[in-house]
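Undergrad: Provided herewith is a single structure, encoded as structure tokens, for subsequent inquiry.
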Amino acid sequence: MNKDNLKNNNSSSKNTLSIFQIAVMTTISVASLRTLPPMAEEGRASILMYIIPAILFLIPTSLVSAEFATTYKGGVYIWIREAFGNRMGFVAIWLQWIQNVVWYPVQLAFVAAALAFTINRGDLSNSGIFTAIVIIVVYWFSTFLAFKGGNLFAKVSSIGGMIGVLIPGAILIILGLLWMAQGQPISESYLQSSYIPKITGISSLVLIVSNVLSYAGMEMNAVHAGQMENPKKDFTKAITLAFILILCVFIFPTLAIAMAVPADKLGMANGIMVAFQEFFEKFHISWMSNVMAGAMFFGAIASVVTWVAGPSKGLLDAGRTGLLPPILQKKNKNNVQVSILVFQGIIVTILAMIYVLFPDVSDVFIALIGMSAALYVVMYMLMFAAVIILRKKEPNIERGYKVPAVNIVSGIGFISCALAFIMSFIPTSNEAAIPRNMYSIIVAIVVFLLGIPPFIFYALRKPSWDIRSAQEKEEKPIH
2 MNKDNLKNNN SSSKNTLSIF QIAVMTTISV ASLRTLPPMA EEGRASILMY
52 IIPAILFLIP TSLVSAEFAT TYKGGVYIWI REAFGNRMGF VAIWLQWIQN
102 VVWYPVQLAF VAAALAFTIN RGDLSNSGIF TAIVIIVVYW FSTFLAFKGG
152 NLFAKVSSIG GMIGVLIPGA ILIILGLLWM AQGQPISESY LQSSYIPKIT
202 GISSLVLIVS NVLSYAGMEM NAVHAGQMEN PKKDFTKAIT LAFILILCVF
252 IFPTLAIAMA VPADKLGMAN GIMVAFQEFF EKFHISWMSN VMAGAMFFGA
302 IASVVTWVAG PSKGLLDAGR TGLLPPILQK KNKNNVQVSI LVFQGIIVTI
352 LAMIYVLFPD VSDVFIALIG MSAALYVVMY MLMFAAVIIL RKKEPNIERG
402 YKVPAVNIVS GIGFISCALA FIMSFIPTSN EAAIPRNMYS IIVAIVVFLL
452 GIPPFIFYAL RKPSWDIRSA QEKEEKPIH
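Quick note on numbering: our numbering labels position 432 of the sequence shown as 433, and the sequence is numbered without any gaps.
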């Protein structure tokens, strides 16, 4: 999953959004260059490894999110609550929030790698201590910015997306074409690859299925479907166009990397920087590697600044119905949820220390993605089940958009997420820093510890926790 470029268009909700605008917003929201290097190791097979998860997950998520967004006000908490009650609605928004908390160290590890290459110290990208320091410093800096409130996050997202994702992606494609045009040597691993993914063991299946989360985050963007002139028809067209654009951003740069860079040089956290370095050194413009690293450094930071306050705001909205203790509902003079931001900052700091304990940054990267995926896909399974339940529970409610063949579409999405959940407990290689026989246990413990709090909060809730005004209670009734 990429959160680099989500936009907050609430301030312009009266304006009609075109098919092209929705498609571009969706593309920027989902596509992320940091996920390309591990897929480049698969060579030609990466094409199908991108297309299959897109069909099985991206499309169902997009369509289901559109129906919810054009039918019920609010986000995941409201959607799941309407189908399964307040407890499960709270669980859903918690999982969405905590997944992002786990995602921050993963994204900031990419920031650390980009910074290392920007300052001509690529060796630091494999330093656990350097990575942990960058994660902690940048995250708390972003948190303090969030305390100020305002629309800073909306302003930086589009700029960060252009500079950190779209432009570097386009440059990778151009470099790949130049590589072929000049007759440069093609990587042996690419030449030996097949268009059909090789299933050599459970680790191969893990990589294919876990790629589902490369397309996560669509439920955030679907809230804009209601701003289209004809959501019923136009949103489907927008998703089709976005589907093509996202695949282009993923597939062609990945193939360019696979052709030019030997598989053994592609690390998880620093692989994209290594790829640019290989290209630019061959074309005798190695200084451009620093420029690209700087661009991706800025884009990745922009994504964190954009997201650091967003999901926590949804958790606060749910918590204010009496599901979180008052200490976690505190807001500052700028109406910002400071208690939750500090709480998530403490969790991010603790997770960052994993990079110190395990010096192989790449393997820690894989482990955190696995933990994140296990949490996130549970929320998606609830979402896919909820749309079917609500079709039966409220068949006559007016829906701005209706998913065609909803049972089939949601069923495909649910099964894909269930498989991704199972696979997230299995390491993708035999060289993980975490011992292979302990990997599943460690991921399970982390998932349990991060997933159990909403049930505890719900069981311990008290009437005094509901500190909403009478007007707020009337506007947002709970089951």
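Just so it is clear, CB atoms sit at the ideal spot from N, CA and C, and this is done for glycine as well.
Here the structure is a predicted model, which is why all the values come from computation and not from measurement.
What is the DSSP secondary structure of Lys18, counted as helix, strand or coil?
TA: Here residue 18 refers to the residue found at position 17 of the sequence shown. For the sequence presented, residue 18 should be read as Leu rather than Lys. Note: Leu18 maps to strand in three-state DSSP.
Undergrad: Under a Cβ-count criterion, where at least 16 other Cβ atoms within 10 Å of its own Cβ denotes burial, should Ser313 be classed as buried or exposed?
TA: Along the sequence shown, one-based indexing puts residue 313 at 312. By the neighbour-count rule (16 or more Cβ atoms within 10 Å), Ser313 is buried.
Undergrad: How about the region 381–389 and the region 414–423: do they share at least three Cβ pairs that are nearer than 8 angstroms?
TA: Counting Cβ pairs under 8 angstroms, three or more are found: they touch.
Undergrad: Does Ile494 pass the burial test, meaning 16 or more other C-beta atoms within 10 Å, or should it be called exposed?
TA: In this structure the chain extends from 2 to 480, so residue 494 is not present and cannot be described.
Undergrad: Span of the alpha helix (DSSP H) holding Ser188?
TA: Along the sequence shown, read from residue 1 onward, the residue named residue 188 stands at position 187. First-last for Ser188: undefined, no H or E at that position.
Undergrad: Could you tell me the boundaries of the alpha helix (DSSP H) in which Thr36 lies?
TA: Reading the sequence shown from its first residue, position 35 is the one you call residue 36. Segment: none, Thr36 is in no alpha helix (DSSP H) and carries neither H nor E.
Undergrad: Tell me the rounded alpha-carbon separation between Ile97 and Ile240.
TA: The residue labelled residue 97 in the question sits at position 96 within the sequence shown. The residue labelled residue 240 in the question sits at position 239 within the sequence shown. Contrary to the premise, residue 97 reads as Gln rather than Ile in this sequence. Distance between the alpha carbons of Gln97 and Ile240 is about 22 angstroms.
Undergrad: If I follow the unbroken alpha helix (DSSP H) through Pro455, where does it start and stop?
TA: Numbered from 1 along the sequence shown, position 454 holds the residue referred to as residue 455. Residues Pro454 to Leu461.
Undergrad: Are the CB atoms of Pro305 and Gln100 nearer to each other than 9 angstroms?
TA: As a first step, residue 305 must be located in the sequence shown, where it is residue number 304. As a first step, residue 100 must be located in the sequence shown, where it is residue number 99. Before going further, note that residue 305 is Val rather than Pro in the sequence given. Taking 9 angstroms as the Cβ cut-off, Val305 and Gln100 do not qualify as a contacting pair.
Undergrad: Where do the N-terminal and C-terminal ends of the alpha helix (DSSP H) with Ser66 fall, by residue?
TA: If you number the sequence shown from 1, residue 66 lands on position 65. Where Ser66 is concerned, the enclosing alpha helix (DSSP H) stretches over Ile60 to Ala70.
Undergrad: Using DSSP with H/G/I as helix, E/B as strand and the rest coil, what is Asn431?
TA: As a position in the sequence shown, residue 431 is number 430, starting the count at 1. Residue confidence for Asn431 is low, a pLDDT of 48 falling below 50, so the modelled location carries little weight; the figure read from the coordinates is stated next. Three-state result, Asn431: coil.
Undergrad: CA-CA distance, Ile468 and Thr71?
TA: As a working mapping, residue 468 is identified with position 467 in the sequence shown. As a working mapping, residue 71 is identified with position 70 in the sequence shown. The alpha-carbon atoms of Ile468 and Thr71 are separated by roughly 29 angstroms.
Undergrad: DSSP has Met229 in a bridge; who is on the other side?
TA: Taking the first residue of the sequence shown as position 1, residue 229 is located at position 228. Leu18, per the DSSP bridge assignment.
Undergrad: Does the region 294–304 come into contact with the region 104–121, if we say contact requires no fewer than three beta-carbon pairs (one atom in each stretch) closer than 8 angstroms?
TA: Contact holds: three or more Cβ-Cβ distances are below 8 angstroms.
Undergrad: Looking at the structure shown, is Asn333 part of a helix, part of a strand, or coil, going by DSSP?
TA: As a first step, residue 333 is located in the sequence shown; it is residue number 332 there, counting from the start. DSSP places Asn333 in coil when its eight states are reduced to three.
Undergrad: Short of 8 angstroms in beta carbon distance, which residues of its chain neighbour Phe148, apart from the five on each side in sequence? Order them along the chain.
TA: Along the sequence shown, read from residue 1 onward, the residue named residue 148 stands at position 147. Contacts found: Asn333, Asn335, Val337, Val339 and Leu342.
Undergrad: Taking the straight line between their C-alpha atoms, what separation do you get for Leu325 and Phe458?
TA: One-based indexing of the sequence shown puts residue 325 at position 324. One-based indexing of the sequence shown puts residue 458 at position 457. When rounded, the distance between both Cα atoms is 6 angstroms.
Undergrad: Just list the alpha helix (DSSP H) runs in the region 286–354, keeping only unbroken ones of 4 residues or longer that don't cross its boundaries, in chain order.
TA: Runs found: 288–308, 311–319 and 339–353.
Undergrad: Quick one, which of Cys249, Val65 and Trp466 has its alpha-carbon nearest Val25's?
TA: Here the question's residue 25 lines up with position 24 in the sequence shown. The residue with the shortest Cα to Cα distance from Val25 is Cys249.
Undergrad: If contacts are defined as beta-carbon pairs under 8 angstroms, then Thr119 and Phe298 qualify, I think. What distance do you get, rounded to the angstrom?
TA: Your numbering for residue 119 matches position 118 in the sequence shown. Your numbering for residue 298 matches position 297 in the sequence shown. At roughly 6 angstroms, the Cβ-Cβ gap stays under 8 angstroms, so Thr119 and Phe298 are in contact.
Undergrad: Are the beta-carbon atoms belonging to Asp235 and Gly75 less than 9 angstroms from one another?
TA: The count along the sequence shown starts at 1 and reaches residue 235 at position 234. The count along the sequence shown starts at 1 and reaches residue 75 at position 74. Result no, Cβ atoms of Asp235 and Gly75 do not sit closer than 9 angstroms.
Undergrad: If I measure Cβ to Cβ from Pro464 and keep anything under 8 angstroms in the same chain, skipping five residues before and after, which residues do I get?
TA: Residue 464 sits at position 463 when you count from the first residue of the sequence shown. Closer than 8 angstroms at Cβ, skipping near neighbours: Gly323.
Undergrad: List, from N- to C-terminal side, the beta strand (DSSP E) runs of 3 residues or more that fit wholly inside the region 371–428.
TA: Listed in chain order, there is nothing to give.
Undergrad: Ser188 and Met260 look like a contact to me (Cβ under 8 angstroms); what is the Cβ gap, rounded to whole Å?
TA: Residue numbering aside, residue 188 sits at position 187 when the sequence shown is read from its first letter. Residue numbering aside, residue 260 sits at position 259 when the sequence shown is read from its first letter. Right, their Cβ atoms sit about 6 angstroms apart.
Undergrad: Compute the Euclidean distance between the alpha carbons of Val410 and Val379, then round it to the nearest angstrom.
TA: In the sequence shown, counting from the first residue as 1, residue 410 sits at position 409. In the sequence shown, counting from the first residue as 1, residue 379 sits at position 378. One C-alpha to the other measures close to 17 angstroms.
Undergrad: State the DSSP-derived secondary structure class of Lys199, mapped to helix, strand or coil.
TA: Locating residue 199 in the sequence shown gives position 198, where the first residue counts as 1. DSSP places Lys199 in coil when its eight states are reduced to three.
Undergrad: I'd like the list of long-range same chain contacts for Ile130, defined as Cβ closer than 8 angstroms, with 5 residues on each side in sequence excluded.
TA: Here residue 130 is taken as the residue at index 129 of the sequence shown, counted from 1. Cβ within range, chain order: Tyr356 and Val357.
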